[in-house]
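Q: The structure that follows is given in the form of structure tokens.
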Amino acid sequence: MPTASPRPTPPLPADPHSYAQGPALPHLRLALAVDFGQQTLAGSATWLLAELLATATPLVLDTRDLTIGQVVALDSKAARAGLASAGTAIPYTLTAPDAVLGQALRLELPAGTQAVRIDYRTSPGAAALQWLAPAQTAGTHPFLFTQSQAILARTWLPCPDSPGRRFTYEAEVEVLGSERGQLLALMSADNPQTTAPDGRYHFRQPQPVPAYLLALAVGRLDFAPLGDHTGIYAEPTTLLRASYEFAALDRMVAAAEQLYGPYRWGRYDLLALPASFPFGGMENPCITFVTPTILAGDRSLTSLVAHELAHSWSGNLVTNATWNDFWLNEGFTVYFERRIMEQLYGRPYAEMLQVLGEADLHHTMQELGPTSPATHLRLHLAGRDPDDGLNDIAYEKGCLLLLTLEQLVGRPRLDAFITEYFARFAFQSMDTDRFAAYLTETLLTPAEASQLNLPAWLDGPGLPPGAPVAHSARFDAVAAALARLATGTAPIALQPITTEWSSQEWEHFLRGLPPTLTATNLGRLDEAFHFTTSGNAELLAAWFPLALRAGYAPADAALENFLRYVGRRKFLVPLYRALLAAPGGRARAQETYRLARPNYHSVATNTLDALVLGEAH
Ligand SMILES: [Zn+2]
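So in this note's numbering, the last spot in the sequence shown is 1499, and the numbers never skip.
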């Protein structure tokens, strides 16, 4: 409800992580050849301008580790024809490389320019790209995937690499060499469902997206439909398991649309990647990339898919203007994710997710300290790699702000506000100040605004007083089981209670075990509940630190195997920490890391090099 006369909308902030400047670039034509032998992408990026330039105009794009060939200005005729030979070569310069931001590509577009084509190739070490050898996949072919968020798109194409700059795109991708005709290429766009015998693929993304949502994957992949507009791509040996795991995908999309309005991206498919993928999921438009570590066999870890799906609204539709506003992407998405899970599986299930999330938040806040500016929702990441500054705070404190609003104004009003917010700012950027102004003007009465104390949430440390605290009745039963264990009940005697437990209850149980357990204690637990041989990565990741602390040797081989196979940073960081802290653990951690490192994406090794090898980057 309006409470004040309209204030002028605050201007969007400049992005401290992008050099890009110059005219609007509303459309990209990408032409790339994928060379597994050389581990490079080579081709051209053609940026179309909104209008013909009346005067000579400077243009600056982001690049990192790219080899730039020719830069060619195209007039409107040449731009339409799209001929490789058309246009006029123009000079350019690259600034000295910055370790985080890369190099600015500077050029001056002559009057009469309609488009600019940049010929280039990537380097084999390009940070966004992970080239997997056949042994690193579930099959017998190599694999390539990209991870562009936060500022890695510039390592595989020259672009305005800021979340505040959007463009539509089309792409021609050709697979070279002996893999031609064997591998399927997919992008964050309209996708093929079968492998092309000539190795050529054409993609189109008609909705404007920021560069961090550009994505490419090339591998031996099959497709299985899950609904009329949903499906799953996976390596052939994983496809059956993956289609079982994600059977509820159609219902998830329906639940999301029912909550906050239409899905705007055409199809919604998933791509189950090899295990070296550094994240749980990446919300690439039309095709979420997911880690296979959520293939638990019992559909128990699919809230991650609800999260990535929710990003189709919060993040992909309304996008954080800079990485300082990351909480706008993630806080909304965590809240939305839990609403989807509640819709599908009921409130008690969503409550468990909320309690686990809050536990993560308190853990992170403790690590960062009670006055740390890193616990503010609004971040100040200038001069840093944004990827190092993004943590649980944006996700869980952001979600708690929305839960606080829910308490304050009630669900019906909050839901109407969120639906309107997604519709009104669709395909636009949002920053913290603009959001605060919109929230205060559109949703809150003055009394509600003063009760909320938004500045304390946005620019204050920790949690403001009055932040809601989640409670889960299902976790009360877990607490009761833990209490019985503590008073001497044998683990095996708990089985009648635990048979119906979900992955979340087990996770809560493992987190609640006292740190004083001995190897003998763990042996009894393992005998009763088979943690070491679990197929559930969340449970393994909670179990191994206990085993390391107690020196429970029967878990060693499973831990080594996990670290060699899984590249998901969320698991790796605490596990390597636990390994480093174990007696004799440093040498063991370094030896394991040496063997496993080739299987990890740069996003993970960036963090782990410093942690395990003690190297700053
Ligand atoms: Zn997210």
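Note that the Cβ used here is the ideal one computed from N, Cα and C, for glycine as well.
Source: prediction; values computed, not measured.
#1: Check each candidate in 1076, 1028, 1260, 1104 and name the one with the smallest Cα separation from residue 1164.
#2: Here's the rule I'm using: 16 or more other beta-carbon atoms within 10 Å means buried, otherwise exposed. How should residue 853 be labelled?
#3: What is the residue span of the beta strand (DSSP E) that residue 1202 lies within?
#4: Using a 10 Å radius around the Cβ and a threshold of 16 neighbouring Cβ atoms, would you call residue 1087 buried or exposed?
#5: CB-CB under 7 angstroms to residue 1239, same chain, minus the five flanking residues each way: which ones, in chain order?
#6: Among all the DSSP beta bridges, which residues are the ones paired with residue 1084?
#7: Based on the DSSP output, what are the partners of residue 1115 in its beta bridges?
#8: Give a yes or no on contact between the segment 1474 to 1483 and the segment 1148 to 1163, applying the rule of three or more CB pairs nearer than 8 angstroms.
#9: Could you pull out every residue in the same chain whose Cβ sits closer than 7 angstroms to the Cβ of residue 1299, ignoring the five residues on either side in sequence?
#10: Bridge partners of residue 974, per DSSP?
#11: For residue 1132, report the span of its alpha helix (DSSP H) as first-last.
#12: Assuming residue 955 is part of the beta strand (DSSP E), what are its boundary residues?
#13: What residue range is occupied by the uninterrupted alpha helix (DSSP H) comprising residue 1230?
#14: Can you check which of these residues, 920, 1081, 1072, 904, is closest to residue 989 by C-alpha distance?
#15: Sorry if obvious, but does the Cβ on residue 1184 come closer than 7 angstroms to a heavy atom of ligand 1?
#16: Note down, in chain order, each residue of its chain lying with its Cβ closer than 6 angstroms to the Cβ of residue 1301, except the 5 sequence neighbours on either side.
#17: By the DSSP assignment, the beta strand (DSSP E) with residue 1169 in it spans what residues?
#18: Going by the C-beta, is residue 1193 closer than 7 angstroms to any heavy atom of ligand 1?
#19: If you reduce the DSSP assignment to three classes, tell me which class residue 1090 lands in.
#20: Check whether the Cβ of residue 1215 lies closer than 7 angstroms to any heavy atom of ligand 1, and answer yes or no.
#21: What does a CB cutoff of less than 7 angstroms around residue 900 pick up in its chain, not counting 5 residues either side in sequence?
#22: Please name the residue or residues paired with residue 911 in a DSSP beta bridge.
#23: Using CA coordinates, which residue listed in 1387, 1348, 1182 is at the minimum distance from residue 1287?
#24: DSSP on residue 1480, reduced to helix/strand/coil?
#25: To test your reading of the DSSP string, which unbroken alpha helix (DSSP H) runs of 4 or more residues are found completely within the segment 1387 to 1439?
#26: On the three-state DSSP scale, how would you describe residue 1371?
#27: Quick one: measure Cβ to Cβ for residue 1123 and residue 1186, integer angstroms, because I've assumed they're closer than 8 angstroms.
#28: If contact is defined by three or more beta carbon pairs under 8 angstroms, each pair taking one atom from either stretch, is the segment 969 to 978 in contact with the segment 991 to 1011?
#29: Tell me whether residue 1341 is buried or exposed, calling it buried when 16 or more other Cβ atoms sit within 10 Å of its Cβ.
#30: What span of residues does the alpha helix (DSSP H) with residue 1450 cover, start to end?
#31: Taking only three categories from DSSP, how would you classify residue 1222?
#32: Are the beta-carbon atoms belonging to residue 1026 and residue 1172 less than 8 angstroms from one another?
#33: Quick check on residue 1126: buried or exposed, where buried means 16 or more other Cβ atoms within 10 Å of its Cβ?
#34: Between the C-alpha atoms of residue 1328 and residue 1336, what's the straight-line distance to the nearest angstrom?
#35: Taking 7 angstroms as the limit between beta carbons, can you name the residues of its chain near residue 859, skipping five residues before and five after?
#36: Residue 1291 and residue 1330 - do their beta-carbons sit closer together than 8 angstroms?
A: According to the structure shown:
#1: For the purposes of this step, residue 1164 is taken as the residue at position 282 of the sequence shown. Residue 1164 has its Cα closest to that of 1028, out of 1076, 1028, 1260, 1104.
#2: Outside the shown range of the chain (883 to 1499) lies residue 853, about which nothing can therefore be said.
#3: Here residue 1202 refers to the residue found at position 320 of the sequence shown. Where residue 1202 is concerned, the enclosing beta strand (DSSP E) stretches over 1200 to 1202.
#4: Start at 1 with the first residue of the sequence shown, and residue 1087 comes out as number 205. Residue 1087 is buried by the Cβ-count criterion.
#5: Position 357 of the sequence shown holds residue 1239. Contacts found: 1216, 1278, 1281.
#6: On the sequence shown, residue 1084 is found 202 positions in, with the first residue counted as 1. Partner(s): 1054.
#7: If you number the sequence shown from 1, residue 1115 lands on position 233. Answer is 1105, 1153, bridged to residue 1115.
#8: yes
#9: If you number the sequence shown from 1, residue 1299 lands on position 417. Answer for residue 1299: 1324, 1325, listed in chain order.
#10: The sequence position of residue 974 within the sequence shown is 92, counting from 1. Per DSSP, 989.
#11: Here residue 1132 refers to the residue found at position 250 when the sequence shown is read from its first residue. Here the alpha helix (DSSP H) through residue 1132 covers 1131 to 1142.
#12: Here residue 955 refers to the residue found at position 73 when the sequence shown is read from its first residue. From DSSP, the beta strand (DSSP E) with residue 955 extends over 948 to 956.
#13: As a first step, residue 1230 is located in the sequence shown; it is residue number 348 there, counting from the start. Residue 1230 -> alpha helix (DSSP H) spans 1229 to 1250.
#14: Counting from one through the sequence shown, the residue named residue 989 turns up at place 107. Out of 920, 1081, 1072, 904, 904 has the C-alpha closest to the C-alpha of residue 989.
#15: As a position in the sequence shown, residue 1184 is number 302, starting the count at 1. False, no ligand heavy atom lies under 7 angstroms from that Cβ.
#16: The count along the sequence shown starts at 1 and reaches residue 1301 at position 419. Same-chain partners within the cutoff: 1142, 1143.
#17: Here residue 1169 corresponds to residue number 287 of the sequence shown, with the count starting at 1. Unbroken beta strand (DSSP E) run through residue 1169: 1169 to 1172.
#18: Position 311 of the sequence shown, counted from the first residue, corresponds to residue 1193. Yes.
#19: Working through the sequence shown from its first residue, we reach residue 1090 at position 208. It is a strand residue.
#20: For this step, residue 1215 is matched to residue 333 along the sequence shown. Residue 1215 Cβ: within cutoff of ligand 1.
#21: In the sequence shown, the residue the question calls residue 900 occupies position 18. Excluding sequence neighbours, residue 900 sits near 944, 1042, 1043, 1044.
#22: The residue you call residue 911 lines up with position 29 of the sequence shown. Per DSSP, 928, 1052.
#23: Position 405 of the sequence shown, counting from 1, holds the residue named residue 1287. Closest option to residue 1287, Cα to Cα, is 1348.
#24: As a working note, residue 1480 is residue 598 in the sequence shown. The answer is helix: DSSP assigns residue 1480 an H, G or I state.
#25: 1401 to 1411, 1419 to 1432
#26: Against the sequence shown, residue 1371 aligns to sequence position 489. Note: residue 1371 maps to coil in three-state DSSP.
#27: Looking up residue 1123 in the sequence shown gives position 241. Looking up residue 1186 in the sequence shown gives position 304. So it is not a contact: roughly 15 angstroms between Cβ atoms.
#28: yes
#29: Counting from one through the sequence shown, the residue named residue 1341 turns up at place 459. It counts as exposed.
#30: In the sequence shown, the residue the question calls residue 1450 occupies position 568. Unbroken run through residue 1450: none, as it is neither H nor E.
#31: Sequence index remark: in the sequence shown, residue 1222 carries index 340 (1-based). It is helical.
#32: Position 144 of the sequence shown holds residue 1026. Position 290 of the sequence shown holds residue 1172. It is not a contact, given that the beta carbons lie outside the stated cut-off.
#33: Translated into the one-based positions of the sequence shown, residue 1126 becomes position 244. With fewer than 16 other Cβ atoms within 10 Å, it is exposed.
#34: Walking along the sequence shown from the start, residue 1328 turns up at place 446. Walking along the sequence shown from the start, residue 1336 turns up at place 454. Residue 1328 and residue 1336: Cα-Cα distance of roughly 12 angstroms.
#35: There is no way to answer for residue 859, as the model of the chain reaches only from 883 to 1499.
#36: Within the sequence shown, residue 1330 is the residue found at index 448, counting from 1. Within the sequence shown, residue 1291 is the residue found at index 409, counting from 1. Yes, they are a contact pair.
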